[in-house]
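Inspection log for the structure reproduced underneath, given as structure tokens.
Numbering (the working numbering), first residue to last: 94 to 302.
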């Protein structure tokens, strides 16, 4: 039976426990990384970093703790697929956060929010067009894309569990995350505002241009 560290305690983990842990890594990292990246796209990387940074650090610690102790090859492969990408995204988002701290003031954010409130329309703040911001965003986009690639590998690994053990408790969660990856990639390709606009047209929520 494989070992697993959960909340600092080493336990004997059945295949179902390993699956539950793996699903926590997949769903938790997807929501936190996606949340940070969405706020970077919207022009407020500092807010996303402050909201999600603790979660992404906890997930990385969980994987680092179990990297050498887990002897189930599928869980080891899952860690190998996600952890390096998560580390790289963490680094790129930290650099983005530092840029935010140096260049974007609370007054600038407040003025932008008031402008949106007055016009009733969403648009990106002016600073997102600067070369420095675009450079940070491109670096983060590359790291986010690599993370999505690793996530798809991890999902394929978890599907092996389903085929071998027949667990269906987390299958809907897995399919939900898998189904959201194409939209995540579109946000990288089109940008947040354009992706939301095109998705709304696609769903019939907005009239065609």
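C-beta atoms are modelled at their ideal positions from N, C-alpha and C, and glycine is treated no differently.
Exercise. If we ignore side chains and look at the alpha-carbon of each, how far apart do residue 112 and residue 267 end up?
Worked result: In this structure, the alpha-carbon of residue 112 lies about 11 Å from that of residue 267.
Problem set entry | Host beta strand (DSSP E) of residue 103 (start-end) | DSSP places residue 103 in the uninterrupted beta strand (DSSP E) bounded by 102–106.
Exercise. How would you call residue 214, buried or exposed, if buried means at least 16 neighbouring beta carbons within 10 angstroms?
Worked result: Exposed, since its Cβ has fewer than 16 Cβ neighbours within 10 Å.
Problem set entry | Own chain residues within Cβ distance below 6 Å of residue 238, not counting five before or after | Within the same chain, residue 238 has close Cβ partners 281.
Exercise. Helix or strand or just coil, what does DSSP make of residue 163?
Worked result: Reduced to three states, the DSSP call for residue 163 is coil.
Exercise. What alpha helix (DSSP H) runs, 4 residues minimum, are completely inside the region 221–269?
Worked result: Taking only runs of at least 4 residues, the alpha helix (DSSP H) segments lying wholly in the region 221–269 are 224–258.
For this session: Starting from the Cα of residue 226, find the closest Cα among 154, 163, 133, 158 and give me that residue.
Result: The candidate whose alpha carbon is nearest that of residue 226 is 133.
For this session: Quick one: grab the DSSP three-state call for residue 185.
Result: DSSP places residue 185 within a helical segment (H, G or I) once states are collapsed to three.
Exercise. Considering only the beta carbon of each residue, do residue 244 and residue 163 sit closer than 8 Å?
Worked result: 8 Å or more divides the Cβ of residue 244 from the Cβ of residue 163.
Problem set entry | Beta-carbon contacts of residue 253 that lie in its chain and below 8 Å, excluding the five residues immediately before and after | Taking residue 253 as the centre and dropping the five residues before and after it, the same chain places the C-beta of 167 closer than 8 Å to its C-beta, in chain order.
Exercise. Does the Cβ of residue 187 have 16 or more other Cβ atoms within 10 Å, making it buried, or fewer, making it exposed?
Worked result: Exposed is the call here.
Exercise. Measuring CA to CA, which of 196, 158, 101, 182 is closest to residue 146?
Worked result: Of 196, 158, 101, 182, the residue nearest in Cα terms is 182.
For this session: Locate the alpha helix (DSSP H) running through residue 202, then write down its first and last residues.
Result: Counting along the chain, the alpha helix (DSSP H) containing residue 202 begins and ends at 199–212.
For this session: Measure how close the beta-carbons of residue 202 and residue 137 come, nearest whole angstrom, since I'm counting them as under 8 Å.
Result: Rounded, the Cβ-Cβ distance is 7 Å, consistent with contact.
Exercise. Pick from 222, 95, 151, 242: whose alpha carbon is nearest that of residue 275?
Worked result: Answer by Cα proximity: 242.
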